[in-house]
Every structure is written in structure tokens, then in C-alpha cells.
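Under this note's numbering, read the sequence shown as residues 10 to 294, first letter to last.
From the three backbone atoms N, C-alpha and C, an ideal C-beta is built for every residue, glycine too.
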Amino acid sequence: SPPTPAPPTPAPPTPVPLTPEPPTPEPTTATPGPHLRRPHLRRPTCTPIAVPNPSFEAYTGTSGNPFNLGQIPGWSSASGSPSIFGGFHLARSAWLWSYNSRGESIFAAVPFAVGATYEVTMWMQTSNPNGQVFVKAANGLQPKYSTSSWFPSIASQQTMFSSGMQYQQAQEITFSFTANDNYAQLWLHPYWTGGAPQAEMRVDNIRICMVGGTPEPETPEPPTPEPPTPAPPTSAPPTPSPPTPSPPTPSPPTPSPPTPSPPTSAPPHTRAAHTRTSYSGAADS
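See below:
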């Protein structure tokens with residue numbers, strides 16, 4: 010009878026790639042980073058220049074003429090008999106006067122280099138708005154041990170700052186200048202050509218620095234608020250990737266009994282050996 014055909018084995022379905030859903034981001038706290046502006050530069054650095062006894066606090070005597078007698082370390086009188094008075098910054102200040110084109114002045118050894126720019130700061134108070142105050146760089150000043158009030162006449166000097174006597178209230182002033190030569194001295198005095206009342210000047214806490222050097226970076230300022238960029242979470246959920254279809258794994262076939270195939274030629278049949286029997290009787294007739 011004809012063999013019964015086996016039912017066809019259905020082919021495995023072709024897997025359809027899954028479209029992953031985007032993961033729901035977990036709320037994170039943005040880590041604020043250093044918001045720096047573009048590196049603008051501040052004004053150049055200012056290298057301090059030593060001013061001896063800048064507030065006149067070192068005072069080795071009680072004389073009424075301490076600058077003439079060398080009792081104010083670092084400072085000397087260049088004219089007149091300058092005095093020590095109460096201070097603005099600390100306990101003491103230098104007090105100077107002028108009238109009839111004469112007056113008191115003081116100086117200290119402070120170097121200034123040609124071509125360099127300097128920034129000078131000091132406390133000051135004045136009287137008599139008709140006079141003037143002078144701050145100068147100079148060479149050739151000599152200590153004046155007498156009380157002569159004539160201002161010295163020297164060729165090497167440069168006015169750093171001059172102004173009317175408008176500082177009726179003590180205040181801190183700052184100015185800058187560029188040296189036109191090499192100088193070795195700082196010279197201060199008031200100046201008034203008229204008579205009484207005399208012009209008066211008090212100075213205290215003198216600081217000088219040389220402008221120049223490597224510019225300093227600007228201090229970062231708070232940034233303009235921007236939407237924060239969330240920092241990556243410590244453990245982010247895995248991003249699923251679409252599955253790659255893999256070929257189906259064939260299952261091992263179920264063994265079936267072999268079907269014998271018809272032989273090409275029949276096997277030979279071997280006859281059994283028959284033994285002829287001899288008879289001793291008469292032959293047939």
C-alpha cells in the first residue's frame with residue numbers, strides 16, 4: 010500500500026524586532042558646575058614699594074621737633090619744624106604748615122624707577138582752601154636740623170600729585186603717576202603764598218606700589234541662570250537594544266525504524282545435500 014505522507018513540519022515564525030520604549034528618566038539633581046566667565050583680566054598687579062614708618066608710629070622721643078632731631082625713624086625734615094599729631098589710621102600723623110611761600114616739609118628714602126607707573130594711597134586732611142598740597146619724587150634733599158622754613162631748591166624733582174586744600178574732612182586719597190626719571194626720595198609739603206591763616210596739612214598711612222606684572226584672572230562672578238544640565242545618575246537604567254533575530258535551533262529528530270529497501274537480487278538458495286542410496290537387489294526389468 011502507498012505510504013502515508015507525514016504532516017509537514019511548520020516553519021518557525023520569523024521574529025519581529027521589538028521597538029523598545031524609551032526609559033523613563035529618574036529624577037536627578039543637577040550637579041552645579043563651575044560657571045566661569047570668559048577669562049577677562051583685572052587691572053595689573055601692584056607690587057608694594059616699601060615706605061619706611063608709613064604711619065609715623067615709630068617715635069623715639071617727645072620733642073616738639075622730632076623730624077629735625079631724627080626721632081621719627083625713616084623720615085627727616087627738609088624745611089621748618091614738622092610735628093607729630095593725632096592719626097587717622099592709627100595713633101599718629103605728620104602735621105605740616107605753609108604761608109608766605111615758606112613752610113614745613115618732610116621726606117623719606119623711597120625709590121622710583123624711570124618709566125614705571127606707581128599707585129600712591131594715603132590719608133589726608135587740610136585747612137585753608139587757598140593753599141595747595143604737593144606730593145613729589147625727588148633727588149638731593151638733605152635733612153634739615155635747623156628750623157629754617159624756606160623750602161629747599163632742588164633741580165631733580167617731579168610732582169606726583171597736587172591739589173587744592175579741599176580735604177576738610179580726613180579722607181583716603183589714591184592717585185598714580187609715571188616717573189620721568191630715577192628718583193630716590195618721597196617729598197611732601199603744603200604750599201601757600203599768602204599770609205594768615207596758614208595752610209595746614211596732615212598725612213598718615215602712606216602706601217605705594219608699582220603697577221605692572223602678570224595680570225590676575227578675574228574673579229568668577231555668579232552666572233546668568235541657565236537651565237541646569239542634569240548630571241548622569243549614579244546607576245542609569247539599561248537602554249534596551251532591539252533583539253537580533255537568531256536562527257531557530259533545530260530539535261534533534263525522533264529516530265524511526267529503518268524501512269528495508271528491496272534487494273537488488275535474491276540471495277542464492279542452497280539446496281540440502283541429498284545422499285544417493287545404493288540397493289543391492291535385482292535391477293528392474
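The residue from ILE81, ARG211, GLN180 and PRO61 with its alpha-carbon nearest to that of HIS198 is ARG211.
A straight-line Cα-Cα distance of about 7 Å links GLY112 and LEU105.
Annotation: GLN166 to PHE160 spans about 13 Å, alpha carbon to alpha carbon. Note on geometry: alpha-carbon atoms of SER102 and GLY73 lie some 14 Å from one another. Its chain contains SER64, GLU66, ASP213 and ASN214 as the residues whose beta carbon lies nearer than 8 Å to that of LEU99, once the 5 sequence neighbours on both sides are disregarded; these appear in chain order. Excluding its 5 nearest sequence neighbours in each direction, PRO57 has C-beta neighbours in its own chain below 6 Å: CYS218, listed in chain order. Inter-segment contact for the segment 112-125 and the segment 174-182 is absent: fewer than three beta-carbon pairs are separated by less than 8 Å. Selection ALA122, ASN77, SER86 and GLN151 evaluated against PHE186 yields ALA122 as nearest (Cα-Cα). Apart from sequence neighbours up to five positions away, the residues of its chain that approach SER158 with a beta-carbon distance below 7 Å are SER88, GLY89, ARG111, GLY112 and GLU113, ordered along the chain. By alpha-carbon distance to ALA188, the top candidate from GLN207, ARG216, GLN141 and GLU128 is GLU128. The C-beta distance from ILE93 to PRO75 rounds to 6 Å, short enough to meet the 8 Å contact threshold. Excluding the 5 residues flanking it on each side, TYR108 has same chain C-beta neighbours closer than 7 Å at TRP201, GLY203, GLY204, ALA205, GLN207 and ALA208, in chain order. Taking 8 Å as the cut-off, the Cβ atoms of ALA193 and ALA117 do not count as close. Our two residues, GLY79 and PRO152, have alpha carbons roughly 9 Å apart in a direct line. In this structure, the CA atom of ASN139 is about 21 Å from the CA atom of TRP196.
For the options GLN178, LEU150 and ASN62, the alpha carbon positioned closest to that of ASN137 is the one of GLN178. Straight-line measurement puts the Cα of PRO61 at about 16 Å from the Cα of LYS145.
Counting only runs of 3+ residues, the beta strand (DSSP E) found wholly inside the segment 76-152 occupies 84-88, 92-95, 101-108, 114-121, 126-136 and 141-147, in chain order. Contact between ILE163 and MET131 is ruled out by a C-beta separation of about 22 Å, above the 8 Å threshold. The C-alpha of PHE143 lies about 19 Å from the C-alpha of PHE97. One alpha carbon belongs to THR156, the other to GLY95, and they sit about 22 Å apart. Within the same chain, and ignoring the five residues on either side of TRP84 in sequence, the residues whose Cβ sits closer than 8 Å to its Cβ are PRO61, ASN62, PHE65, PHE76, ALA103, ILE115, PHE116 and ALA117. Comparing alpha carbon positions, the residue from SER86, ASN148, ASN191 and ARG216 closest to TYR154 is SER86.
Look at ALA193 here: in three-state DSSP terms it is strand. Taken through DSSP and simplified to helix, strand or coil, ILE217 comes out as strand.
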